[in-house]
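Heads up: the protein sequence lines correspond to chains A and B, in order.
Just add 6 to wherever you are in the first sequence, counting from 1, and you've got this note's numbering.
Just add 6 to wherever you are in the second sequence, counting from 1, and you've got this note's numbering.
Each residue gets a CB set at the ideal place from its N, CA and C atoms; glycine is no exception.
To start, the structure itself, in structure tokens.
There are 2 protein chains.
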Amino acid sequence: MQLILLSGGSGKRLWPLSNDARSKQFLPLLKSPAGGMESMIQRVVRQIRDSSLDVELTFATNAVQRDSIINQLGDGLGIVTEPQRRDTFPAIALACSYLSMEKHCSDDEVVVVMPCDVFTEDGYFSTIGRMAQAVSEDLADIVLMGISPDCPSEKFGYIVPECEGEVMRVLRFTEKPSLDKATMLIGQGALWNGGVFSFRLGYLRKLVDRYVQAESFSELRGRYGEFPKISFDYEVVEKAESVAVVRYEGVWKDLGTWNALCEELPGTHIGNVLMGDHNEGTSAINELGMPLFCEGLKDIVVAASPDGIMVCSKERSEYIKDYVGSMQHRPMYEERRWGSYRVLDSTDYDDGSMMLTKSLKIRDGKCISYQLHRHRNEVWTVVDGKGEFVLDGERRSVSRGDVLNIPAGHLHAVRAYGADLSIIEVQVGCPLVEEDIERFEWEW
Amino acid sequence: MQLILLSGGSGKRLWPLSNDARSKQFLPLLKSPAGGMESMIQRVVRQIRDSSLDVELTFATNAVQRDSIINQLGDGLGIVTEPQRRDTFPAIALACSYLSMEKHCSDDEVVVVMPCDVFTEDGYFSTIGRMAQAVSEDLADIVLMGISPDCPSEKFGYIVPECEGEVMRVLRFTEKPSLDKATMLIGQGALWNGGVFSFRLGYLRKLVDRYVQAESFSELRGRYGEFPKISFDYEVVEKAESVAVVRYEGVWKDLGTWNALCEELPGTHIGNVLMGDHNEGTSAINELGMPLFCEGLKDIVVAASPDGIMVCSKERSEYIKDYVGSMQHRPMYEERRWGSYRVLDSTDYDDGSMMLTKSLKIRDGKCISYQLHRHRNEVWTVVDGKGEFVLDGERRSVSRGDVLNIPAGHLHAVRAYGADLSIIEVQVGCPLVEEDIERFEWEW
Numbered sequence: 007m008q009l010i011l012l013s014g015g016s017g018k019r020l021w022p023l024s025n026d027a028r029s030k031q032f033l034p035l036l037k038s039p040a041g042g043m044e045s046m047i048q049r050v051v052r053q054i055r056d057s058s059l060d061v062e063l064t065f066a067t068n069a070v071q072r073d074s075i076i077n078q079l080g081d082g083l084g085i086v087t088e089p090q091r092r093d094t095f096p097a098i099a100l101a102c103s104y105l106s107m108e109k110h111c112s113d114d115e116v117v118v119v120m121p122c123d124v125f126t127e128d129g130y131f132s133t134i135g136r137m138a139q140a141v142s143e144d145l146a147d148i149v150l151m152g153i154s155p156d157c158p159s160e161k162f163g164y165i166v167p168e169c170e171g172e173v174m175r176v177l178r179f180t181e182k183p184s185l186d187k188a189t190m191l192i193g194q195g196a197l198w199n200g201g202v203f204s205f206r207l208g209y210l211r212k213l214v215d216r217y218v219q220a221e222s223f224s225e226l227r228g229r230y231g232e233f234p235k236i237s238f239d240y241e242v243v244e245k246a247e248s249v250a251v252v253r254y255e256g257v258w259k260d261l262g263t264w265n266a267l268c269e270e271l272p273g274t275h276i277g278n279v280l281m282g283d284h285n286e287g288t289s290a291i292n293e294l295g296m297p298l299f300c301e302g303l304k305d306i307v308v309a310a311s312p313d314g315i316m317v318c319s320k321e322r323s324e325y326i327k328d329y330v331g332s333m334q335h336r337p338m339y340e341e342r343r344w345g346s347y348r349v350l351d352s353t354d355y356d357d358g359s360m361m362l363t364k365s366l367k368i369r370d371g372k373c374i375s376y377q378l379h380r381h382r383n384e385v386w387t388v389v390d391g392k393g394e395f396v397l398d399g400e401r402r403s404v405s406r407g408d409v410l411n412i413p414a415g416h417l418h419a420v421r422a423y424g425a426d427l428s429i430i431e432v433q434v435g436c437p438l439v440e441e442d443i444e445r446f447e448w449e450w
Numbered sequence: 007m008q009l010i011l012l013s014g015g016s017g018k019r020l021w022p023l024s025n026d027a028r029s030k031q032f033l034p035l036l037k038s039p040a041g042g043m044e045s046m047i048q049r050v051v052r053q054i055r056d057s058s059l060d061v062e063l064t065f066a067t068n069a070v071q072r073d074s075i076i077n078q079l080g081d082g083l084g085i086v087t088e089p090q091r092r093d094t095f096p097a098i099a100l101a102c103s104y105l106s107m108e109k110h111c112s113d114d115e116v117v118v119v120m121p122c123d124v125f126t127e128d129g130y131f132s133t134i135g136r137m138a139q140a141v142s143e144d145l146a147d148i149v150l151m152g153i154s155p156d157c158p159s160e161k162f163g164y165i166v167p168e169c170e171g172e173v174m175r176v177l178r179f180t181e182k183p184s185l186d187k188a189t190m191l192i193g194q195g196a197l198w199n200g201g202v203f204s205f206r207l208g209y210l211r212k213l214v215d216r217y218v219q220a221e222s223f224s225e226l227r228g229r230y231g232e233f234p235k236i237s238f239d240y241e242v243v244e245k246a247e248s249v250a251v252v253r254y255e256g257v258w259k260d261l262g263t264w265n266a267l268c269e270e271l272p273g274t275h276i277g278n279v280l281m282g283d284h285n286e287g288t289s290a291i292n293e294l295g296m297p298l299f300c301e302g303l304k305d306i307v308v309a310a311s312p313d314g315i316m317v318c319s320k321e322r323s324e325y326i327k328d329y330v331g332s333m334q335h336r337p338m339y340e341e342r343r344w345g346s347y348r349v350l351d352s353t354d355y356d357d358g359s360m361m362l363t364k365s366l367k368i369r370d371g372k373c374i375s376y377q378l379h380r381h382r383n384e385v386w387t388v389v390d391g392k393g394e395f396v397l398d399g400e401r402r403s404v405s406r407g408d409v410l411n412i413p414a415g416h417l418h419a420v421r422a423y424g425a426d427l428s429i430i431e432v433q434v435g436c437p438l439v440e441e442d443i444e445r446f447e448w449e450w
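Next up, the structure:
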């Protein structure tokens, strides 16, 4: 059985902790059973591995999230990145084509597609097992997960089943109904659409062939733009002749707003926070080095990261995405496959040039690719760790205190070796533009 | 007439904007009549200059505040710095000795001593004029300012005058009475002690002579430790035979708590702040580069600086000094006579060494003294401006993009020349200890 985890999202609703480079599923804010902290994506993968499901995992994601997935979950997972943002049908079509053309899975194999950012309990994964079982017994072409509704809500899609049972045929769908209609639907036994889909690989392959017939996966990926921008629900589920649904009744939460997330935090605060003696219902998360002090607050959430600081009543925290657009600039913190960086300071000068100071952490054994910048000089001061540095083909060892001058136009690479490497980088030159960089190969 | 402004204070109650290096009187948070912002000390000096007082100003302060006074008020003011922190009697004794021995003021000259951190209106300065007039008419040895009380308060000292009049003889003093006693005192016509003192220079000189008889001001300053640690009120005012008081009835506020300060801020926020549409009675000040977003808040004050972030109900903001001690570390921002610096990043390593990254701004024409560090290397990257750099006696011009390696033990200095100079400094080595630095002279 193949499990495709959809990992996307723009990261506006959990600003300033999430940003375009770090969606909510990567925030390490949940308590792990091992005692430390884990992100939503780490939690869901742990839950899958702890379940009785015998599955192979593939992530359907975008290029920006690829490095975060590897950093948080290690190498060796299947990761399919969409070349451009389209919608869920193209993303799932691409991942299924990867299973078929790259992993050579058979058309009979059962595929389950699920989101990676819902907070659930173990029963969720046994429900997935029953869904896959239903597909393998040919009870329907598509089997969905239906969530038992807590309350009438205008936010979800509703699935109306024909009659009660473990695997129920679906009569019809209703997208985001009015509150009155939702109440009526729930009275008729309708379930929320959980966004989990199960089908045989061959079933989807035929739908893919309608849009793109390719000889290889790389050809298909190159022609990704030929897929229509449409959701999997509209393109596949609503057009299918035989759709069934399996009910899930346990915890099912979208931790996509501060209000919802705060309920699952392991305590009142995370990071360098001092809570005074007169706070109530207040949560604080501080990813900055400087201290955060909270006192006399009631039902407030405070979050601070290199991207910004948010102080918001829990009640209003659902609406912050309306404001975030006017504050977002370049991400000030990013995880990369080689480690992470943080912007310490930046200035744009009147004459069009700029200064950018970063702190880089390169993980032991990892390297930054061999590259040159045409329009900026860089000065690297090694402040901790050990590694190897290459400038125009000349290799040298580096350690704490070494200063590396990298003038514009010169090829350079660095590798941490024997310890994590910490570097303070000062860039002076023209603003960062995509064409400023050229990448080459270097054999370590 | 000589006016001595007392500038001290530890800066705990307005954390994180104030710190040991930046007391509340230097925070540029008040609206100036010219349209910009001004600090309390800039406000009080502007008020003095706009008043009809014909005075010469001298600041009695400590070494840490000296550079801030010059930066905010320019050169050319008298500044007397106490060699160590003692109390108000020694500080005023030192400043008076400076007037006598360095400025050669006569014993007949009238001196007024006042705090620099009260928020008042113009009538305050005409009251000072009347106090000085009373001294010059020999109505008393010491003339005080009495503030008309708003309400009974346990926080102040009370002055009980003999009878009503413009210049009233003082019957007795009561320090911080109970609320009941305060009510009774006010019923008897008592006034709050405003901490403004007026006397002839010769009167104080005699008191100084009791403790230290010196030939020169520098000798006296060197023997500062021989003065007792005692307040001016206890040592001078309460022992004086003839004390009078002049009443001031206008605005008189200590903007020493966030609650009080917020009332005088020019709007709801200062700095890079986005206020949402549902805040009430809330103030936000952000000195960081990153954005601060506030929404759904009621009667809250938010303040962010390189030293930390505070989110506090206005009601509880009086008590933050009880918590600040556990958060304070080295100041992350400081004004110096040559400009200012901000700490961008710092790490202490397990082996006892450290890394510190700073952004320096050196003002045009100013220089950092010729010095060496025994135990740390520094790398300076010039990111903006122009200047001259000296390393072991070798002088060179520097401008944007230049990298200056300063190994431990090497003498260096820099001067901004033709423009303000911005430098990113990375220190690697042993922790900053006072003995690590040696300063020398360099003739530019």
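*Neighbour flag for Ala27 (chain A) against chain B, beta carbons, 8 Å*: Cβ-Cβ to chain B under 8 Å: no for Ala27 (chain A).
* What in chain A is Cβ-close to Val409 (chain B), meaning under 9 Å? -> Asn383, Val385, Val409, Asn411, Val432
What three-state label does DSSP hand Glu241 (chain B) in the structure shown? In this structure, DSSP gives Glu241 (chain B) a helical state, which the three-state scheme calls helix.
> Where Gly314 (chain B) and Met296 (chain A) are concerned, what is the direct C-alpha to C-alpha distance, given to the nearest angstrom?
Replying inline: 5 Å
**Item:** 7 Å CB neighbourhood of Arg380 (chain B) in its chain, flanking five on each side removed
**Value:** Shown here for Arg380 (chain B): same chain residues with a beta carbon closer than 7 Å to its own, the five before and five after excluded, namely Ala414, Gly415, Asp442 in chain order.
**Prompt:** Under 8 Å Cβ-Cβ, which residues of chain A neighbour Ser332 (chain B)?
**Reply:** Leu280
Query raised in the report: Out of curiosity, what's the CA-to-CA distance linking Leu366 (chain B) and Ile306 (chain B)?
Result: Just so you know, the alpha carbons of Leu366 (chain B) and Ile306 (chain B) end up roughly 33 Å apart.
Quiz item: Quick one: is Ala310 (chain A) near chain B, going by C-beta distance under 8 Å?
Solution: At a cut-off of 8 Å, the C-beta of Ala310 (chain A) has a neighbouring C-beta in chain B.
- request: Tell me whether the beta-carbon of Trp264 (chain B) lies closer than 8 Å to the beta-carbon of Lys212 (chain B).
  value: The beta carbons of Trp264 (chain B) and Lys212 (chain B) sit no closer together than 8 Å.
(message) Along the chain, where does the beta strand (DSSP E) containing Ser375 (chain A) start, and where does it finish?
(response) 373-379
Contacts of His418 (chain B) in chain A (Cβ-Cβ under 8 Å):
Simply none; closest approach about 15 Å.
Arg436 (chain B) lies in the alpha helix (DSSP H); which residues open and close that run?
First, the residue type needs correcting, since residue 436 (chain B) is Cys and not Arg in the sequence shown. Per DSSP, Cys436 (chain B) lies in no alpha helix (DSSP H) segment and is marked neither H nor E.
Return the Cβ separation of Ile192 (chain A) and Ile98 (chain A) in integer angstroms, given the expectation that the two are a contact with Cβ distance under 8 Å.
Actually they do not touch by this definition, with Cβ atoms about 28 Å apart.
- prompt: Taking DSSP as the reference, what is the three-state secondary structure of Gly314 (chain B)?
  reply: Under the three-state reduction of DSSP output, Gly314 (chain B) falls in the strand class.
**Message:** For a contact defined as C-beta to C-beta under 8 Å, what are the partners of Thr67 (chain B) on chain A?
**Reply:** Per Cβ cutoff of 8 Å: no residues; Thr67 (chain B) is ~27 Å from chain A at best.
Quiz item: Under a three-way DSSP split, which group does Gly171 (chain A) fall into?
Solution: coil
In chain order, which continuous runs of the alpha helix (DSSP H) of length 4 or greater are located wholly inside the region 133-212 of chain A? Considered as a whole, the region 133-212 of chain A harbours 185-193 as its complete alpha helix (DSSP H) runs of no fewer than 4 residues, in chain order.
Chain A residues whose Cβ lies nearer than 8 Å to that of Phe125 (chain B):
Those do not exist, as Phe125 (chain B) stays about 24 Å from chain A at its closest Cβ, beyond 8 Å.
(request) Spell out whether any CB of chain B is found under 8 Å from the CB atom of Pro297 (chain A). (result) yes
| task | Using a Cβ-Cβ cut-off of 8 Å, state whether Gly262 (chain B) counts as contacting chain A. | result | no
(Q) Can you confirm whether Ser346 (chain A), when its beta carbon is compared against all beta carbons of chain B, has any partner nearer than 8 Å? (A) no
| request: State yes or no: is the beta carbon of Glu286 (chain A) nearer than 8 Å to at least one beta carbon in chain B? | output: no
| field | Beta carbon of Asn285 (chain A) nearer than 8 Å to that of Cys268 (chain A) | value | Result no, Cβ atoms of Asn285 (chain A) and Cys268 (chain A) do not sit closer than 8 Å.
**OP:** Counting only the same chain and skipping the five closest in sequence on each side, list residues whose C-beta sits under 8 Å from that of Glu447 (chain A).
**Re:** Beyond the five residues adjoining it in sequence on each side, Glu447 (chain A) comes within less than 8 Å, by CB distance, of Tyr376 in the same chain, given in chain order.
For this session: In angstroms with no decimal places, state the Cα-to-Cα distance between Val214 (chain B) and Val202 (chain B).
Result: Their backbone Cα atoms lie some 19 Å apart in a straight line.
Return the first residue and the last residue of the alpha helix (DSSP H) that Gln90 (chain B) is part of.
-> Run containing Gln90 (chain B): none; DSSP gives neither H nor E here.
- Task: Tell me whether Thr189 (chain B) is buried or exposed, calling it buried when 16 or more other Cβ atoms sit within 10 Å of its Cβ.
- Result: exposed
| request: Would you kindly report the start and end of the unbroken alpha helix (DSSP H) that includes Ser58 (chain A)? | output: Here Ser58 (chain A) belongs to no alpha helix (DSSP H), and DSSP marks it neither H nor E.
Leaving out five residues before and five after Leu350 (chain A) in sequence, what residues of the same chain have Cβ atoms less than 7 Å from its Cβ?
Thr363, Lys364, Ser365
Notebook entry, point to check: Alpha carbon to alpha carbon, how far is His275 (chain B) from Leu294 (chain B)?
Noted result: 13 Å
* When we look at the beta-carbon of His110 (chain B) and count the other beta-carbons within 10 Å, is it buried (16 or more) or exposed? -> exposed
- Query: Would His418 (chain A) be called buried (16 or more neighbouring beta carbons within 10 Å of its own) or exposed?
  - Reply: buried
On a CA-only basis, which of A:Ser154, A:Ala309, A:Asn411 is nearest Glu170 (chain A)? Give me that one, please. Comparing Cα-Cα distances from Glu170 (chain A) to each of A:Ser154, A:Ala309, A:Asn411, the minimum goes to A:Ser154.
Exercise. Just the Cα atoms here: how many angstroms apart are Arg91 (chain B) and Arg369 (chain A)?
Worked result: For the pair Arg91 (chain B) and Arg369 (chain A), the Cα-to-Cα distance works out to about 48 Å.
Q.
8 Å is my cut-off, CB to CB: does Gly302 (chain A) come that close to chain B?
A. yes
Member of A:Lys372, A:Leu100, A:Trp21, A:Gln8 whose CA lies at the smallest distance from the CA of Pro234 (chain A): A:Leu100
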